[in-house]
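Structure, as structure tokens:
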Amino acid sequence: MNRQWLYARPPAGKIGPDTFQWTETAIPAAKEGEALVRTRLLSLDPANRAWMMGKTYRDALEPGQVMSGFAIGEIVESRSPGLKPGDIVEGDWGWQDYAAVPARRLVKRTTKAPLEMLIGPLSVTGLTAYFGLLEVGRPKAGDTVLVSAAAGAVGTMVGQIAKLSGCRVVGTAGGADKVEWLVRELGFDAAVDYKAPGLRRALAAACPDGIDVYFDNTGGPVLEAALSLMNLRGRIACCGNVSQYDVDKPAPGPMAVPGLVVTKRLRMEGFIVMDFYDQRAVAEARLARWVEQGRIKAIVDVIDGLENAPQALVGLFEGRNRGKCAVRVA
Ligand SMILES: NC(=O)c1ccc[n+]([C@@H]2O[C@H](COP(=O)([O-])OP(=O)(O)OC[C@H]3O[C@@H](n4cnc5c(N)ncnc54)[C@H](OP(=O)(O)O)[C@@H]3O)[C@@H](O)[C@H]2O)c1
3 MNRQWLYARP PAGKIGPDTF QWTETAIPAA KEGEALVRTR LLSLDPANRA
53 WMMGKTYRDA LEPGQVMSGF AIGEIVESRS PGLKPGDIVE GDWGWQDYAA
103 VPARRLVKRT TKAPLEMLIG PLSVTGLTAY FGLLEVGRPK AGDTVLVSAA
153 AGAVGTMVGQ IAKLSGCRVV GTAGGADKVE WLVRELGFDA AVDYKAPGLR
203 RALAAACPDG IDVYFDNTGG PVLEAALSLM NLRGRIACCG NVSQYDVDKP
253 APGPMAVPGL VVTKRLRMEG FIVMDFYDQR AVAEARLARW VEQGRIKAIV
303 DVIDGLENAP QALVGLFEGR NRGKCAVRVA
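Numbered per my numbering, the sequence shown spans residues 3 to 332.
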């Protein structure tokens, strides 16, 4: 059987168990030009929730469809000349054991690395950190780089790449344990618990020379505090807005922000990782080398069982993960 999670209904406020519906159906057969893929690992991403809010860089989710999501899998059967059984591929075929997918929507992975690395640090997560920081943030040695959701998938990679670039690195994360871990385990110079009172004061103390690059994963209060601490000609790489995804309606804004952008001559630039995929091979090779040499710790938080995917996504918004959150399906 093919076990699946369907997207059942738009959440009113936070996602919960009734956002999804479990179903079991027959394993599909691959048609001409398709391959049958068996899911090995599912990537859990804050964007899974954002896709429920309407059109983003992709179409909004429709109730009744298989829940979308990026995954790594193994080809079981192929009716496409470029793919053969046993090949490892990535793509967005959703929360299910098997899918028949057009070959053009699959990317064959040939990098020799454990699948846990290929689902995050050596794929979308690592590439998002790499391109967002180096191409959009453009840090120089000696700069102060601030990253929010620093203990998460993208944030852990951003902080470590910024350290390799010779920067002073500060992160924000939820809770005393996480901020202590960022400094002790990942070599951040300082970290601030954004859930504790006095966020702006704590950030100012952690960034005594101001902020040159802010890698924004969260929007919300951290963005607001960071803006006021940005240095002249600072860069804000807008990667995501996780503080505003799991809500009924995102907070309104911006109001006073443009004034700060003008007077400080800031560059605030959004990006989607795919914008840089023409440089993917080089970036992936560099990331793989850094991980292999132990210069970057690739942190992956794996939860077992497709049946646990909804709870794992809820957990992302409660900050239960450290590093890349993935679900092992097979
Ligand atoms: N632009 C792109 O191409 C691209 C690609 C991939 C990801 N992204 C974005 O990158 C960001 C990080 O994604 P990720 O995959 O690395 O996720 P992640 O950081 O591994 O997981 C989400 C983290 O966000 C934090 N969080 C949850 N609710 C929050 C809130 N209300 N305010 C502040 N922090 C909150 C939690 O950590 P705490 O314990 O610290 O709260 C949680 O661990 C997201 O905004 C995502 O949409 C963008």
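Every residue, glycine too, gets a C-beta built ideally from N, C-alpha and C.
Asked                                                                                                                                                                                           : Found
Can you tell me where the beta strand (DSSP E) holding residue 132 begins and where it ends?                                                                                                    : No beta strand (DSSP E) contains residue 132, which is instead part of the alpha helix (DSSP H) from 126-133.
Taking the alpha-carbon of residue 131 as reference, which of 240, 322, 79 has the nearest alpha-carbon?                                                                                        : 240
Can you tell me whether residue 112 is buried or exposed? The criterion is at least 16 other CB atoms within 10 Å of its CB, across all chains shown.                                           : exposed
Per DSSP, residue 240 is paired with what?                                                                                                                                                      : 218, 272
Whether or not the stretch 56-67 and the stretch 39-47 are in contact is what I'm after, with contact meaning three or more pairs of Cβ atoms, one per stretch, closer than 8 Å; do they touch? : no
Between the stretch 94-109 and the stretch 74-85, are three or more C-beta pairs nearer than 8 Å?                                                                                               : yes
Cα separation between residue 67 and residue 10?                                                                                                                                                : 8 Å
Mind pulling the alpha helix (DSSP H) runs of 4 or more residues that sit fully within the stretch 122-197?                                                                                     : 126-133, 155-166, 178-188
Could you work out which residue in 154, 164, 152, 231 is closest to residue 145 when comparing CA atoms only?                                                                                  : 164
Go ahead and label residue 279 buried or exposed: buried means 16 or more other beta carbons lie within 10 angstroms of its beta carbon, across all protein chains shown.                       : exposed
For the stretch 118-127 against the stretch 151-171, do three or more pairs of beta-carbon atoms, one drawn from each stretch, fall closer than 8 Å, so that the two count as touching?         : yes
Would you report the Cα separation of residue 293 and residue 118, rounded to the nearest angstrom?                                                                                             : 13 Å
Exposed or buried, residue 265, counting other C-beta atoms within 10 Å across all chains shown (16 or more means buried)?                                                                      : exposed
So residue 184 and residue 297 are in contact, right, with Cβ under 8 Å, and what is the actual spacing, rounded?                                                                               : 17 Å between Cβ atoms; not a contact.
Going by CA-CA distance only, name the one from 301, 309, 313 that's closest to residue 324.                                                                                                    : 301
Assuming residue 171 and residue 195 are in contact, meaning their beta carbons sit under 8 Å apart, how far apart are those beta carbons, in whole angstroms?                                  : With 8 Å as the limit, residue 171 and residue 195 do not qualify as a contact, their Cβ atoms being about 16 Å apart.
I need the DSSP call for residue 324, collapsed to helix, strand or coil.                                                                                                                       : coil
Going by alpha carbons, who is nearest to residue 289 out of 123, 64, 69?                                                                                                                       : 123
For the candidate residues 251, 201, 89, whose alpha-carbon lies nearest to that of residue 16?                                                                                                 : 251
Determine whether the beta carbon atoms of residue 246 and residue 272 lie at a separation below 9 Å.                                                                                           : no
Going by alpha carbons, who is nearest to residue 180 out of 88, 193, 208, 232?                                                                                                                 : 193
Exposed or buried, which one is residue 141 when buried takes at least 16 other CB atoms within 10 Å?                                                                                           : buried
Given that a residue counts as buried once 16 or more other Cβ atoms are within 10 Å of its Cβ, and exposed if not, what is residue 204?                                                        : buried
Compute every distance between the C-beta of residue 274 and the non-hydrogen atoms of ligand 1, then say whether any falls below 8 Å.                                                          : yes
Does the beta-carbon distance from residue 237 to residue 262 come in below 9 Å?                                                                                                                : no
By the 10 Å Cβ neighbour count, where 16 or more other Cβ atoms means buried, how is residue 310 classified, buried or exposed?                                                                 : exposed
Within 10 Å of its beta-carbon, does residue 284 have 16 or more other beta-carbons around it, so buried, or fewer, so exposed?                                                                 : exposed
Pick out whichever of 214, 201, 295 has its Cα sitting closest to the Cα of residue 227.                                                                                                        : 201
Could you pull out every residue in the same chain whose Cβ sits closer than 7 Å to the Cβ of residue 22, ignoring the five residues on either side in sequence?                                : 7, 8, 9, 10, 69, 312
Is it the case that the CB of residue 70 approaches a heavy atom of ligand 1 more closely than 8 Å?                                                                                             : no
Could you pull the start and end residues of the beta strand (DSSP E) that residue 6 belongs to?                                                                                                : 4-9
For residue 318 and residue 213, which I take to be in contact (beta-carbon distance under 8 Å), what is that distance rounded to the nearest angstrom?                                         : With a Cβ gap of about 26 Å, residue 318 and residue 213 do not count as contacting.
Is residue 41 near residue 253, with beta carbons less than 9 Å apart?                                                                                                                          : no
Name the one or two DSSP bridge partners that residue 43 has.                                                                                                                                   : 74, 330
Using CA coordinates, which residue listed in 37, 36, 43 is at the minimum distance from residue 314?                                                                                           : 43
Looking at the structure shown, is residue 37 part of a helix, part of a strand, or coil, going by DSSP?                                                                                        : strand
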